[in-house]
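Here's the structure we're looking at; comments come further down.
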Amino acid sequence: MFQWFKKQYETEGIGKIYNIVVSQSRRPELFAEFSVADTLDGRFDLLSLHMCLIFKRLKLEDNSHKQFSQSLFDFMFQDMDRSLREIGVGDLSVGKRVKEMGRAFLGRLEVYEAVIKVNDISLEEALIRNVYRSDPVLSQNASKLAHYVRRVDAKLADIPIELLIRGEFTFEFR
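When we follow the numbering used here, the leftmost residue of the sequence shown carries the number 19, and every step to the right adds one.
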């Protein structure tokens, strides 16, 4: 009987977490200060980057949050599906686009988890490839964005898991 309450409680947390991440990743300051393109791709990149940090934080715990992580992932891509339909992507191509976005996200997740641990230019290189699409002008901001990512990652690591899964945390821009 208590499992039902736990699952409902966690489900509410999933929506809260996702909304917090979306709000943070859509902050105009992020696009302006780090020269991220305010396009569908740029928005996906910042959302993916912040979600990767959340998933990385969830992995710091034991496997008890594995299902929660999967539910959060599913929630994210249900929203991607809905968003693509809202902007007028044809029904026949939505599934294909969501699969492509899923593969791109999982690739980023793997790379970001690996390079954030290392305090060298690997994170900057990953950001240049994934966020800046190797644009030499925009890529000049990769070191600032990498610094932001490491700072957010460290702050997330300090948040107690109970607060995180309930969606009771905030991001700080600076």
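C-beta atoms are modelled at their ideal positions from N, C-alpha and C, and glycine is treated no differently.
Here the structure is a predicted model, which is why all the values come from computation and not from measurement.
Whole-angstrom C-beta distance between residue j and residue i, which should lie under 8 Å
| i | j | result |
| --- | --- | --- |
| Glu-79 | Ile-179 | 5 Å |
| Met-98 | Val-116 | 5 Å |
| Ile-183 | Phe-86 | 6 Å |
| Ile-35 | Gly-185 | 5 Å |
Rounded separation between residue i and residue j - CA only
| i | j | result |
| --- | --- | --- |
| Ser-161 | Glu-142 | 6 Å |
| Lys-74 | Asp-138 | 18 Å |
| Tyr-193 | Gly-106 | Residue 193 lies beyond the residue range present for the chain, which begins at 19 and ends at 192; the question has no answer from this structure. |
| Ile-67 | Ser-111 | It is Leu, not Ile, that sits at residue 67 in the sequence shown. Each residue's Cα considered, the two are about 25 Å apart. |
| Gly-120 | Asp-171 | 22 Å |
| Leu-181 | Leu-124 | 25 Å |
| Ala-175 | Arg-45 | 22 Å |
| Phe-189 | Ile-38 | 8 Å |
| Ser-41 | Met-69 | 12 Å |
| Arg-168 | Asp-109 | 38 Å |
C-beta contact flag for residue i and residue j at 8 Å
| i | j | result |
| --- | --- | --- |
| Asp-166 | Ser-157 | Reading off the sequence, residue 166 comes out as Tyr, not Asp. No, the Cβ-Cβ distance between Tyr-166 and Ser-157 is not below 8 Å. |
| Val-133 | Ala-144 | yes |
| Asp-56 | Asn-148 | no |
| Leu-65 | Ser-43 | yes |
| Phe-49 | Gly-33 | no |
| Phe-91 | Leu-163 | no |
| said: Restricting to runs no shorter than 4 residues, where is the alpha helix (DSSP H) found entirely within the stretch 120–181? | reply: 140–148, 160–176
| Where are the alpha helix (DSSP H) runs, 4 residues long or more, that stay fully inside the stretch 43–68, in chain order? | 46–51
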